[in-house]
Amino acid sequence: FTVMHKGGTVLYASEIGGKAIKGDPIDDLVRTVLLEERIGDKTFKKDTYELRWALVNEFDLVFVIVYSQAVSMMWLDELLETLKNTFVTMFRSRFASVPLGISKFEFDRDLKAIL
């Protein structure tokens, strides 16, 4: 699970399943979808991974979940929406007040509680 600014700054990242991701599918998502403004799509496939994302245009944030294409997870949209809403609610006041790149966003405990 990754939260990043549309400008490319990663605000938070965590490996939910404990498995390291091979390659950099999020970088591929940025280059082939976000930079080409194909953000109307909500999924992106890269190698053995599928990525789903949600946007918060008010703060130019992108929330991304990377998972194996071999696994069908019907609840991912709901999980992504819950993570997005919780993160924005927790940190809303910080998005406008501090340059995002120098701010640390502690979300591990909340992520584990949601999962």
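Numbers -17 to 97, taken from our numbering, label the letters of the sequence shown in order.
For each residue, glycine too, the CB sits at the ideal point set by N, CA and C.
Enclosing beta strand (DSSP E) for residue i [first to last residue]
i: L43; result: L43 to S50
i: L(-7); result: V(-8) to A(-5)
i: L11; result: Looking at the DSSP string, L11 is not in any beta strand (DSSP E); the run it does join, the alpha helix (DSSP H), is P7 to L11.
i: M(-14); result: T(-16) to H(-13)
i: A36; result: Y31 to V38
i: F26; result: T25 to K28
C-alpha gap between residue i and residue j, whole angstroms
i: K28; j: P7; result: 6 Å
i: K24; j: L61; result: 14 Å
i: W35; j: A78; result: 22 Å
i: N39; j: A2; result: 29 Å
i: Y(-6); j: F87; result: 6 Å
i: R74; j: T14; result: 28 Å
i: Q51; j: F(-17); result: 15 Å
i: D10; j: K94; result: 27 Å
Residue i, enclosing alpha helix (DSSP H) - first and last residue
i: K94; result: D90 to I96
C-beta contact flag for residue i and residue j at 8 Å
i: V46; j: L65; result: no
i: D92; j: M72; result: yes
i: L37; j: Y49; result: no
i: L16; j: V(-15); result: no
Own chain, CB closer than 8 Å to residue i, minus 5 neighbours either side, in chain order
i: D42; result: H(-13), K(-12) and G(-11)
Interface flag, residue i vs chain B, CB-CB below 8 Å
i: L97; result: Checking the listed chains, one finds no chain B in this structure; it contains a single protein chain.
Other residues of its chain near residue i: CB distance less than 7 Å, five sequence neighbours each side excluded
i: D97; result: The sequence given here has Leu at residue 97, not Asp. Hits under 7 Å: I(-2).
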